[in-house]
Amino acid sequence: MTKFNSLGLSDPILKALDHMGFEETTPIQEQTIPLGMEGHDVIGQAQTGTGKTAAFGIPMIEKVDKQVRGVQGLVIAPTRELAIQVAEELNRLGKNAGVRSLPVYGGSNMERQIRALKNNEIVVATPGRLLDHIRRKTIKLEQVHTSVLDEADEMLNMGFIEDIRDILKALPTERQTLLFSATMPKEIRDIATTLMNTPKEVKTKSKEMTVSNIDQYYVEIAEKHKFDALTRLLDIHAPDLAIVFGRTKRRVDEVADALQVRGFRAEGIHGDLTQGKRMSVLKKFKEGRIEILVATDVAARGLDISDVTHVYNFDIPQDPESYVHRIGRTGRAGRKGESISFVTPREKDQLNLIEKLTKKKVDKLRVPSYKEAQKGQQDIAVTKLTEKMDADDINDYKQSARDLMDQYEAQDLVAAALKMLTVERQETPVRLSSVQPISTRNAKGAKGGRSNRGGGGQGRNSQRGNSNKRPYNKGGNKGRSKNFNQNNKGK
DNA sequence: AAAAAAG
């Protein structure tokens, strides 16, 4: 076990670490902090929840010169919430050193942000807003000595790579670049190395990609039975905090609504909500005012919410990397966690792919019956009731209890109390918007060269016959064809 | 095909 105080860190940093309750390094920190301090470019890969932020944050803060004005350290993150979280952690680490970190993301006030940029040595940004600042020339980047791509494989993925290239072009060439993620597919790592200066690669050795303190399960289930299965599992597991991942924004809304109807404290989060709503939902979740967060992949990466005990993949994720990150929202900092993935029969291949990447077997779980779910709720109620006796002062209630016992059977009283601690779930049918099965995507089409351009691709698609609920035909398709052109003009 | 990210 290596301690932070053996790494040659400055006093203010050590003091901050001490204040945060950190004494020993995690493996990724032990290996990358010295490299970072020596000025090397680094590609760091380590499991979720093992302290990557401090691994790059500490060397970055150590290198800040308070005499210099302008941004000196730049971190780029894939979501706004993650940018905020990383900036918070860097601020804690930099507190005693007087090094300040600013989250910079879309949806926040521009004028205020521009003013704040002058007072912060480190910026943690999402790509869109950062580029906005670069183009308006409202950010000073000539002094950047350290740049970090957090969730690097995601940042170098198709949706982000062009933005990232543009951003890196705006930075001094003489600088240090650090890349961190839990996952790093080969193709992406190759791209990464072209952007770096003979990087040192650090992979914390552990054969599995997921941490061992997460128990992973799946249930094989038809689409239309998913929702009932989810509520039954929730009743049996009684998670402290759970995240339910859905494949689309619409599904997230629908599942969150349906959970509320059944009496769960749940809310949805996805990229179509206002930033204010996104933040308030997340805050509620962290404070335990809601127990279930229903989310798109906006919440898949990086978010560190310590008490998440369960992750449900209501829809199995598109790629195995996404799976690793999603389930990594639980089992953080050494705690126990559980993940349950819903797999339709035709998605079994996808599960095999996941097992191959993570080198871990995912165990099958039977879908519980309605009765078992009721029993589950009751067991939880019993626990709650008995814990109440141990944990709380219930003396003020004892006179009422005595009065009641004069009138009624003790068994009836307790039964009634237990019933009050459970919720009756009406399993009425829930209509959810359909999801496109994953199996249709790898099978064809995705060969680099020709993306199906202008309506021409239609003929070919028609052979697919995978789904008859997607009318694209020229016939009964009132004025919808323009969607095609818009969708295809991506590049 | 989805999601994220500027306004």
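Going by UniProt numbering, the first sequence opens with residue 1, and the numbers climb by one from there. For glycine and all other residues, C-beta sits at the position ideal for the given N, C-alpha and C.
| query | result |
| --- | --- |
| On the DSSP bridge assignment, give the partners of H310 in chain order. | A242 and E338 |
| My guess is that T210 and I340 are in contact by the Cβ rule of under 8 Å, so how many angstroms apart are they, rounded? | Not a contact, Cβ separation roughly 14 Å. |
| Pull up the DSSP beta-bridge partners for Q176, would you. | T146 |
| Which class does P185 belong to by DSSP, given the choice of helix, strand or coil? | coil |
| Going by the CB atoms, is the gap between V144 and V71 shorter than 8 Å? | yes |
| Using three-state DSSP, classify P127 as helix, strand or coil. | helix |
| Just confirm the distance between the C-beta atoms of E267 and L233, as a whole number of angstroms; I'd bet it's less than 8 Å. | Not quite, the Cβ-Cβ distance comes to about 19 Å (not below 8 Å), so this is no contact. |
| Within 10 angstroms of the Cβ of M196, are there 16 or more other Cβ atoms? Answer buried if so, exposed if not. | buried |
| List in chain order: all unbroken alpha helix (DSSP H) runs of 4+ residues lying wholly within the stretch 245-276. | 249-261 |
| Please tell me whether T53 and I28 are closer than 8 Å, where the distance is taken between their beta carbons. | no |
| Taking 6 Å as the limit between beta carbons, can you name the residues of its chain near A16, skipping five residues before and five after? | L93, K95 and N96 |
| Is G271 buried or exposed, if buried means 16 or more other CB atoms sit within 10 Å of its CB? | exposed |
| Helix, strand or coil, according to DSSP, for I214 in the structure here? | strand |
| Would a C-beta distance cut-off of 8 Å place residue 501 and T183 closer than the cut-off? | Residue 501 is absent from the structure shown; the chain starts at 1 and stops at 491. |
| When you compare only the Cα positions, how much space is there between T309 and L303? | 14 Å |
| What number of angstroms, rounded off, separates the C-alpha of R189 from the C-alpha of L131? | 23 Å |
| When you compare each of L404, R431, I236 and G288 to S369 by their alpha carbons, which one comes out closest? | I236 |
| Given a cut-off of 8 Å, decide if R335 and I305 are closer than it, judged by their beta-carbon atoms. | no |
| Closer than 7 Å by C-beta to K66: which residues in its own chain qualify, once you throw out the five before and the five after it? Chain order, please. | G98 |
| Compute the distance between the beta-carbons of I84 and I164, then report whether it is under 8 Å. | no |
| Indicate whether the contact test is met: 3 or more Cβ pairs, each with one atom in the stretch 152-170 and one in the stretch 26-40, closer than 8 Å. | no |
| Excluding the 5 residues flanking F160 on each side, which residues of the same chain have their C-beta closer than 8 Å to its C-beta? | P78, P127 and E154 |
| What separation, rounded to the nearest whole angstrom, lies between the Cα atoms of I43 and Y217? | 31 Å |
| Buried or exposed for D11, please, with buried defined as at least 16 other CB atoms from any protein chain shown within 10 angstroms of its CB. | exposed |
| Return yes when the Cβ of K200 is within less than 8 Å of the Cβ of D315, no when it is not. | no |
| Cα separation between S467 and L353? | Bear in mind that the predicted position of S467 carries a pLDDT of just 35, short of 50, making it unreliable; the figure below should be weighed with that in mind. If I take the Cα positions, the gap works out to 23 Å. |
| Between E142 and P103, what straight-line distance do the alpha-carbon atoms span, to the nearest angstrom? | 19 Å |
| Under 8 Å by Cβ, that's how I've got I380 and A258 pegged, so tell me the actual separation to the nearest angstrom. | About 21 Å; that fails the 8 Å criterion. |
| At which residues does the beta strand (DSSP E) containing Q85 begin and terminate? | From DSSP, Q85 is part of no beta strand (DSSP E) but of the alpha helix (DSSP H) over R80 to G94. |
| Buried or exposed: which applies to D392, given that a residue is buried once 16 or more other Cβ atoms fall within 10 Å of its Cβ? | exposed |
| Whose CA, out of G73, Q426 and T25, lies closest to the CA of Q260? | Q426 |
| So, helix, strand or coil for I122, using DSSP? | strand |
| Counting C-beta neighbours from all protein chains within 10 Å, is the total for I394 16 or more, i.e. buried, or is it exposed? | exposed |
| CB-CB under 6 Å to G73, same chain, minus the five flanking residues each way: which ones, in chain order? | M60, I122 and T146 |
| Mind checking who I76 pairs with in its DSSP beta bridge? | A125 and L149 |
| From A295 to V343, what distance separates their C-alpha atoms? | 18 Å |
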